[in-house]
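In my numbering, the protein residues as written are 526 to 892. Every residue, glycine too, gets a C-beta built ideally from N, C-alpha and C. Structure first, then comments.
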Amino acid sequence: MKAAVLRGIRDIAVLDVPMPEPVGVDSVLVRIGAVGVCGSDVLRFGIGKGYGFPRVLGHEMSGTLVEDSPSGVLKAGDRVAIFPCIPEPSDPMSEIGEYALADRYDYFGSRRDGGLEEYLRVPERNLIPLRPGTSLIDGAMVEPAGVALHAVRKAVVPPNATALVIGAGPIGILAAQWLRILGVVRVLVADVDARKREIAESLGFETLDASTAPSDELATAATAGRGVDIAVEASGISVTFLQAIRAAAHRGQVVLLGDLADDVALPKELVSRVLRRELVLRGTWNAVITPRVTNDWEMVVACLGRSLIVDGLVSHVEGIDAAQEVFTRLADRGAWSNKTIFAVSDEAVAEADAALSGSLSARLARR
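Shown next, in the form of structure tokens:
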């Protein structure tokens, strides 16, 4: 089968590799449909931040079952999203169903080969069925949408709430949508990038131009000095980490969604602010797929294409043969992008082609 293999730093080659081996006793063969590019994938490509080479990247995945699942619940031909974390069953957090919080785990796309290949074997419990009619491109957005939902669910939404999301990338816009879905009356979205603010505005959000002033100052001015009930830091930058705390109103909640790229120093005055305003800082990591009233991924699937809009976030759809070119462009920031998706299967290419008026097929034909 074909796979885009990361052989070393800034070196991806499309190779013919063996079909995947089983993962545990209940794994199912999946034909990969589409794979989203995460910032962590770009870091693994650009600076080798990962678990060694060679490696097939990709943990934001959708696909189609090639065979029935061992339980018989899922059938060949079903479309699924793939939860990338494979926990060690004996880990204490795994034993209570908190797979993403386990210390001992495997992970598609980082610790083991991921979705930038034609087929993958996946444990049955990691397969989340998509609603009929859901495209494979949209299915690849379930993972980041689940991460955003898990973060937003950490906050308790008070009556008549106002929220601020710092960072209008895909995760930030997804978080903003979840805040609105979960009852926040007014959601502000701050970013320095005008095109990303335009995406937020197209979805009905009020935006703040963070290139003109710090996000916290803009949010404070927009709320007549009060601040926001919920501040979501979705940029992963130390300065916006501090801005999120400064933006919070009395007894406000700060949700730390972005994984910081650098160390951050917490000034004494900001610590005092946390104390005197009785702020709550909430960490968040990954998402939950274990059975609950509604787990994160099931809620994403239920809302996808209805109250949750993801197709407007995708700026680029590419074929797997373009992996080296695409990752080089993303690592070098050689062109503007919001969310890049690889269409791996012929089905995904056809769906993307219909949405892009034939431009993807034309690009693939030229390669």
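Starting from residue 543, trace the alpha helix (DSSP H) both ways and give me its first and last residue.
Note, residue 543: premise wrong, no alpha helix (DSSP H); not H, not E.
>> Ignoring anything shorter than 3 residues, give me the beta strand (DSSP E) runs that lie fully in the segment 825 to 868, in order along the chain.
In response: 841 to 844 and 865 to 868
Original post:
For residue 556, does the count of other Cβ atoms within 10 angstroms reach 16, so buried, or fall short, so exposed?
Top reply: buried
_residue 890 classed as buried or exposed, judged by whether at least 16 other C-beta atoms fall within 10 angstroms_ = A caution first: residue 890 carries a pLDDT of 49, below 50, which makes its placement in the model unreliable, though a value can still be read off. Label assigned to residue 890: exposed.
Measuring only the C-alpha atoms, how far is residue 543 from residue 579? 14 angstroms
Q: Alpha carbon to alpha carbon, how far is residue 598 from residue 744? Give it in angstroms, no decimals.
A: Distance between the alpha carbons of residue 744 and residue 598 is about 48 angstroms.
Where residue 613 falls: helix, strand or coil (DSSP)
coil
Which residues bound the beta strand (DSSP E) around residue 636? Taken as a continuous stretch (DSSP letters only), residue 636 belongs to no beta strand (DSSP E), as it is neither H nor E.
Under three-state DSSP, which class holds residue 745? helix
When the Cα atoms are used, what is the spatial distance from residue 537 to residue 721?
-> 29 angstroms
What separation, rounded to the nearest whole angstrom, lies between the Cα atoms of residue 726 and residue 594? About 42 angstroms.
| said: Considering only DSSP beta bridges, list what residue 580 is partnered with. | reply: 531
By the 10 Å Cβ neighbour count, where 16 or more other Cβ atoms means buried, how is residue 685 classified, buried or exposed? exposed
| said: Assuming contact is defined by CB atoms lying nearer than 8 angstroms, are residue 607 and residue 588 in contact in what I supplied? | reply: Cβ distance < 8 angstroms, so residue 607 and residue 588 count as in contact.
- For residue 775, is the classification buried or exposed, using 16 other Cβ atoms within 10 angstroms of its Cβ as the cut-off for buried? exposed
- prompt: Does the Cβ-Cβ distance between residue 759 and residue 866 come in under 8 angstroms?
  reply: no
Round the Cβ separation of residue 777 and residue 800 to the nearest angstrom and send it over; I've been treating them as touching at under 8 angstroms. That pair is no contact at about 13 angstroms.
Rounding to the nearest angstrom, what Cα-Cα distance links residue 748 and residue 772 in this structure?
10 angstroms
Threshold first: 4 residues or longer. Then list the alpha helix (DSSP H) segments lying entirely within the segment 640 to 680, N to C.
661 to 664 and 667 to 677
- Would you identify the three-state DSSP class for residue 757, choosing helix, strand or coil? Here residue 757 sits in strand by DSSP.
- Message: Quick check: what's the CA-CA separation for residue 531 versus residue 582?
- Response: 7 angstroms
Can you pull the DSSP bridge partners for residue 731?
-> 713
Give me the DSSP bridge partner(s) of residue 687. 711
Next on the checklist: Starting from residue 777, trace the beta strand (DSSP E) in both directions and tell me its first and last residue.
Outcome noted: 773 to 781
Simplified DSSP assignment, three categories, for residue 575: coil
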